[in-house]
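The block underneath contains the structure these notes are about, expressed in structure tokens.
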Amino acid sequence: MVPFNNTGRIFNTFKNELSMAILKSAESGFWLMGEQTKLFEESFAHYCGARYCVTLANGTDALEIALRALLDNQSDSEVEVITVANAGGYSSTACRLVGVTPVYADIEVNTHLVDIESIMRCLSQKTKVVIVTHLYGGVVDVEKIRKRLNENNYQDVKILEDCAQAHGGMLNNVKVGSMGDIGAFSFYPTKNLGAMGDAGALVTSSPELFEITLSLKQYGWSKKYEISRINAKNSRIDEIQAAILNVLLPQLDNFNEKRKSIFREYVEASDNNKIRFLDYSQCDFVAHLAVARVNNRDDFISFMKKSGICVDVHYPILDINQPAWVNEKFRIDEEKKLEISIHQVCELVSFPLFPFMYKEEIEKVVSSIKEWCEK
Ligand SMILES: Cc1ncc(COP(=O)(O)O)c(C=O)c1O
-17 MVPFNNTGRI
-7 FNTFKNELSM
3 AILKSAESGF
13 WLMGEQTKLF
23 EESFAHYCGA
33 RYCVTLANGT
43 DALEIALRAL
53 LDNQSDSEVE
63 VITVANAGGY
73 SSTACRLVGV
83 TPVYADIEVN
93 THLVDIESIM
103 RCLSQKTKVV
113 IVTHLYGGVV
123 DVEKIRKRLN
133 ENNYQDVKIL
143 EDCAQAHGGM
153 LNNVKVGSMG
163 DIGAFSFYPT
173 KNLGAMGDAG
183 ALVTSSPELF
193 EITLSLKQYG
203 WSKKYEISRI
213 NAKNSRIDEI
223 QAAILNVLLP
233 QLDNFNEKRK
243 SIFREYVEAS
253 DNNKIRFLDY
263 SQCDFVAHLA
273 VARVNNRDDF
283 ISFMKKSGIC
293 VDVHYPILDI
303 NQPAWVNEKF
313 RIDEEKKLEI
323 SIHQVCELVS
333 FPLFPFMYKE
343 EIEKVVSSIK
353 EWCEK
């Protein structure tokens, strides 16, 4: 079978460097908040073009802490946060944790990124934050959203970027994470930059937001043992994970290039009438996932399985239909009723795409794409 992903190949490729980094961190005895964490925070902020990076335990904590900071700890269901319903539920999870109401904007047909016009229709006097997900490695035009918000008297609405699927992605030479007020990242192992376990971070260039998020990740302390902020938590990266990320960060651009070249091969092999890959030619896409729309999806998935290729669906259930949330408060873009999100969710298929795919595996996927399209 061609696997959907294989993280073991990352370790095997960088075995010496990673083993050494892990061993050194273990020997140092500083297993939390040591030199490696500090170094990673500096390097990652620099990579993203932001002033500060705050490392955390995972990407969900990054979204929750960022949202609390941007809302200045308001946790009232009257407060509205605009997001999308097709991005795996992570932004909604953060809204539910914080206690604010998600408002769902629709997506663009060709990219499945948020539709800016739909954001504009969702705005109200209750809107405090827009969460923008750079989905599948595509990059949302945050600058354009900021401009539209400002032009329409929504200067105070903050923008939180969910960058968990787009490390290194860019638009107009600006990296994801430094386009909005805060950028939230996950370093889950299969991400474009992944650790060997859970890890996350947020980046910002605002000294105030940096201070608030630092406090929210450490019990709400203003100084040691003095708790000045409510609704804080403990969220730390392990020193070993930071050391691993320090080895892999310099490889990120290379990894992204490999991902992009595999994606291009798939696009070239496909006939748009049968398999329509989402199109990210308008941005510096980093190919986190290769997602396409296929009409008779069930038949296609069994065809791929029979051909020995693992495929997946990102994401099969919209946030508005998640069993745990159907009775919770939410709003949608009333004019278009999420028509694209709803109509296209049953057509989505994700193909194997990771930097360490073997040539024969890529060829096998390519030939199966061609075979299906020629049927
Ligand atoms: C878009 C997006 N946001 C947030 C997350 C949450 O990250 P984590 O799994 O590290 O909590 C993920 C991860 O899986 C994600 O894909």
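Numbered per the numbering used here, the sequence shown spans residues -17 to 357. Built from N, CA and C at the ideal position, the CB exists for glycine as well.
DSSP three-state label for residue i, please.
i: GLN56; result: coil
i: PHE167; result: strand
i: CYS388; result: For residue 388 there is no data in the structure shown, the boundaries of the chain being -17 and 357.
i: VAL(-16); result: strand
i: VAL124; result: helix
i: GLU143; result: strand
i: MET286; result: helix
i: LEU231; result: helix
i: LYS438; result: Any answer about residue 438 is impossible in this case: the structure gives the chain only from -17 up to 357.
i: GLU310; result: coil
i: GLY70; result: coil
i: GLY359; result: In the structure displayed, the chain extends from -17 to 357; residue 359 sits before or after that span and is not available.
i: THR115; result: strand
i: LYS360; result: The question about residue 360 has no answer here: the residues shown for the chain are numbered -17 through 357.
In this structure, what does DSSP give as the bridge partners for residue i?
i: PRO298; result: None; PRO298 has no bridge partner.
i: GLN200; result: ASN216
i: PHE333; result: ALA272
i: GLU62; result: THR83 and THR109
i: ASP266; result: MET152
i: LEU14; result: ASP220
i: ILE291; result: VAL(-16)
Run the proximity test for residue i: is its beta-carbon closer than 7 angstroms to any non-hydrogen atom belonging to ligand 1?
i: LEU45; result: yes
i: GLN147; result: yes
i: GLY182; result: yes
i: TYR72; result: yes
i: SER168; result: yes
i: ASN40; result: yes
i: THR115; result: yes
i: ALA69; result: yes
i: ASP144; result: yes
Measuring CB to CB, does residue i end up less than 8 angstroms from residue j?
i: TRP203; j: PHE282; result: no
i: CYS104; j: ILE64; result: yes
i: CYS35; j: ALA183; result: yes
i: SER57; j: VAL85; result: no
i: ILE(-8); j: PHE338; result: yes
i: SER187; j: ALA214; result: no
i: THR19; j: ILE219; result: yes
i: ILE101; j: SER323; result: no
i: ASN236; j: GLY150; result: no
i: THR109; j: THR75; result: no
On the premise that residue j lies in contact with residue i, defined as a C-beta separation below 8 angstroms, what is that separation, rounded to the nearest angstrom?
i: ILE351; j: ILE226; result: That pair is no contact at about 34 angstroms.
i: VAL114; j: ASP144; result: 7 angstroms
i: GLN223; j: ALA177; result: 4 angstroms
i: LEU32; j: ASN228; result: The identity of residue 32 in the sequence shown is Ala, whereas the question assumes Leu. In fact, because the Cβ distance is near 17 angstroms, the residues do not count as touching under 8 angstroms.
i: PHE336; j: ASN(-12); result: 7 angstroms
i: ASN277; j: GLU329; result: 7 angstroms
i: THR37; j: ASP261; result: Not quite, the Cβ-Cβ distance comes to about 34 angstroms (not below 8 angstroms), so this is no contact.
i: ASN155; j: GLU125; result: Not a contact, Cβ separation roughly 11 angstroms.
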